[in-house]
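Reminder that position 81 of the sequence shown reads as 306 in the numbering used here, one-by-one numbering, no gaps. Each remark here refers to the structure printed beneath this line.
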Amino acid sequence: MTVAFRSSRPDFEASAREVALDTIALTAKLLFAHGQTTERTVVTTERLGRALGAPAKVLPDWDKITVELEGTSLSRIVPAKPLGMDMNRVLAIMSIVDRLCDGTLHTEEAWPALLSAGNLPPVSTLHFTSFAAIGAASLGVIFGALDITSLMLIAASASLGALVRRWLSGFSSNPFIQPLCAALIAGIVAAVSAISLHQPIASTLVAFCPCMVVVPGPHLLNGAIDLVRTRIALGIARLTYAGTIVLMICFGLLLGFTAGGAALPTATPDAPVPLLADVIAAGCAVASFGTFFSMPWRMLPLPIAAGMLGHAAHWALISLLGANVATGALVACILVSIIVTPVVDRLHLPFAALGFSAVVSMMPGFFLFEAASALVELVAMGPRAPVALLTNIAANGATAFLVILAMTFGLILPRMLLEGRDVARSATIKSPKARKIVEQRRK
């Protein structure tokens, strides 16, 4: 009997390690694929490994995650691409991890619970299209489109693009088709309305604002964070992915204008809108993007308040103090990040999605699309292009680049300073009951 017991004990421990390894790998895959930052994914899954009595090392890459059990030859390589952005799923997965670490959820129950959390439904099509219209129209107000006709066209174009995106998601997993088609629709709607409507409309904003709803801001932020944390290959891959989506948006927009029989008009941003309208529109934009990223409704008020406060500061810096667009974005994003970072750490939400939602109204999509339009015009005109066209390309392109750089730096700096203390705290197992369970698992 004694011999049988001794031979079965290693088999039991090996089986337990296999189960723990599979649980850790699935957790890492789901967090990574649904928008959690790379650092938080690694810290969370390694904490889970220690809680399960199987300390592990998590190595994320663009298309896979490798999990290695320390002190053994066991490892798992699971396919995973960070293409999604779903705060509701991330929140559910983080809750399961906390329960596992606290000992209130058995390891055998973790696998089905994780699968269920990873398959939570996205927001309904009605909410998706409605908030696409609200978000695009809000951006239109912020950029100076205050006439009702322009706002109705922006909302209709964005909602139609959202419907097509949701429809395409059931047929193709290619992440570039949806933004391309949405931008194509925006270009066609703007071109046709500019030709057929016999009243003045902000045709440039009718084209641009529905496209700004599709800009992959969270992926830009996650890529920048990875670069700062010296995950160079992963950061470059994320930024390349986001940049390709932006190129598809520009191409679809210009193609839509061509198909509609019009040329994209050159425009400059209008004078700042009144503060009250600007701040309210910013709050609506935050709510819209929070809904896109499946943020639970009960959590929306705080990012909305942070976004409105940040945009009020942005408006005051530019309109009252005469600061340039990049400086206003930098200061506003620092303020928003200081407010949002503790909330993200407390609620285990993806920082990039929540941070971008709060500052989306400051994204320089207008300047980016203007530069792309002028670049196409430059290619078409060739040697006959005037110097003013080159100046337009340089000015809009440089402004877009500097604003994106300022926003990224402004969001990341407080995050990096405030996150270190929380990561170290979350990496430990605080509950005495949980520590006792961990020790039992290790024996």
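Backbone N, C-alpha and C fix where the C-beta goes; we use that ideal spot for every residue, glycine too.
Along the chain, where does the alpha helix (DSSP H) that runs through residue 560 open and close?
Taking the first residue of the sequence shown as 1, we reach residue 560 at position 335. From DSSP, the alpha helix (DSSP H) with residue 560 extends over 550-572.
Going by the CB atoms, is the gap between residue 363 and residue 538 shorter than 8 Å?
Counting from one through the sequence shown, the residue named residue 538 turns up at place 313. Counting from one through the sequence shown, the residue named residue 363 turns up at place 138. No. Outside cutoff.
Can the beta-carbon of residue 328 be found less than 8 Å from the beta-carbon of residue 260?
Here the question's residue 328 lines up with position 103 in the sequence shown. Here the question's residue 260 lines up with position 35 in the sequence shown. Contact flag unset, no.
Closest by CA to residue 245, which one among 548, 336, 302, 306?
Translated into the one-based positions of the sequence shown, residue 245 becomes position 20. Minimum Cα distance to residue 245 is reached at 336.
Going straight from the alpha carbon of residue 382 to that of residue 600, what length do you get?
On the sequence shown, residue 382 is found 157 positions in, with the first residue counted as 1. On the sequence shown, residue 600 is found 375 positions in, with the first residue counted as 1. Distance between the alpha carbons of residue 382 and residue 600 is about 24 Å.
Could you say which of 487, 371, 473 lies nearest to residue 419 if we only look at CA atoms?
Along the sequence shown, read from residue 1 onward, the residue named residue 419 stands at position 194. Measuring from the Cα of residue 419, the nearest candidate turns out to be 487.
Are the CB atoms of residue 559 and residue 635 within a distance shorter than 8 Å?
The residue labelled residue 635 in the question sits at position 410 within the sequence shown. The residue labelled residue 559 in the question sits at position 334 within the sequence shown. Contact flag set, yes.
Kindly list the residues whose CB is nearer than 6 Å to the CB of residue 279, restricted to its own chain and excluding five residues on each side of it in sequence; keep chain order.
In the sequence shown, the residue the question calls residue 279 occupies position 54. Around residue 279: 242, 245, 294.
Where are the alpha helix (DSSP H) runs, 4 residues long or more, that stay fully inside the segment 274-340, in chain order?
312-327, all fully within the segment 274-340.
Under a Cβ-count criterion, where at least 16 other Cβ atoms within 10 Å of its own Cβ denotes burial, should residue 288 be classed as buried or exposed?
For this step, residue 288 is matched to residue 63 along the sequence shown. By the neighbour-count rule (16 or more Cβ atoms within 10 Å), residue 288 is not buried but exposed.
Taking residue 266 as the reference, give the member of 275, 255, 444 with the closest Cα.
Counting from 1 along the sequence shown, the entry for residue 266 is found at position 41. For residue 266, the nearest C-alpha among the options comes from 255.
Could you compute how far the alpha carbon of residue 352 sits from the alpha carbon of residue 638?
Position 127 of the sequence shown, counted from the start, is the residue given in the question as residue 352. Position 413 of the sequence shown, counted from the start, is the residue given in the question as residue 638. Rounded to whole angstroms, residue 352 to residue 638 spans 33 Å at the Cα level.
Restricting to Cα atoms, I'd like to know which of 581, 548, 390 is closest to residue 349.
Here the question's residue 349 lines up with position 124 in the sequence shown. Checking every option, the nearest Cα to that of residue 349 belongs to 390.
Residue 325 to residue 551, Cα distance in whole Å?
Locating residue 325 in the sequence shown gives position 100, counting from the first residue. Locating residue 551 in the sequence shown gives position 326, counting from the first residue. Looking at the two C-alpha atoms, the distance is approximately 44 Å.
Residues in its own chain within less than 8 Å of residue 520 by CB, not counting five upstream and five downstream?
Mapped onto the sequence shown, residue 520 falls at position 295. Correct list, in chain order: 312, 313, 528, 574, 578, 579, 582.
Roughly how many whole angstroms lie between the Cα atoms of residue 239 and residue 248?
Locating residue 239 in the sequence shown gives position 14, counting from the first residue. Locating residue 248 in the sequence shown gives position 23, counting from the first residue. Cα to Cα, residue 239 sits roughly 14 Å from residue 248.
Are the CB atoms of residue 618 and residue 630 within a distance shorter than 8 Å?
Along the sequence shown, read from residue 1 onward, the residue named residue 630 stands at position 405. Along the sequence shown, read from residue 1 onward, the residue named residue 618 stands at position 393. Not closer than 8 Å, so no.
Just to confirm before moving on: does the CB-CB distance between residue 431 and residue 414 stay below 8 Å?
Working through the sequence shown from its first residue, we reach residue 431 at position 206. Working through the sequence shown from its first residue, we reach residue 414 at position 189. For residue 431 and residue 414, yes; Cβs fall inside 8 Å.
Among the residues of its own chain, which have a CB less than 7 Å from the CB of residue 453, if the five just before and after it don't count?
The residue you call residue 453 lines up with position 228 of the sequence shown. Hits under 7 Å: 637, 641.
Measure the CB-CB distance between residue 475 and residue 597 and report whether it falls below 8 Å.
One-based indexing of the sequence shown puts residue 475 at position 250. One-based indexing of the sequence shown puts residue 597 at position 372. Yes, these two residues count as a Cβ contact at 8 Å.
Taking the alpha-carbon of residue 274 as reference, which of 252, 480, 524 has the nearest alpha-carbon?
Position 49 of the sequence shown holds residue 274. Nearest option by C-alpha distance: 252.
Secondary structure at residue 240, three-state DSSP: helix, strand or coil?
To locate residue 240, count along the sequence shown from 1; it is residue 15. In this structure, residue 240 counts as helix in the three-state DSSP scheme.
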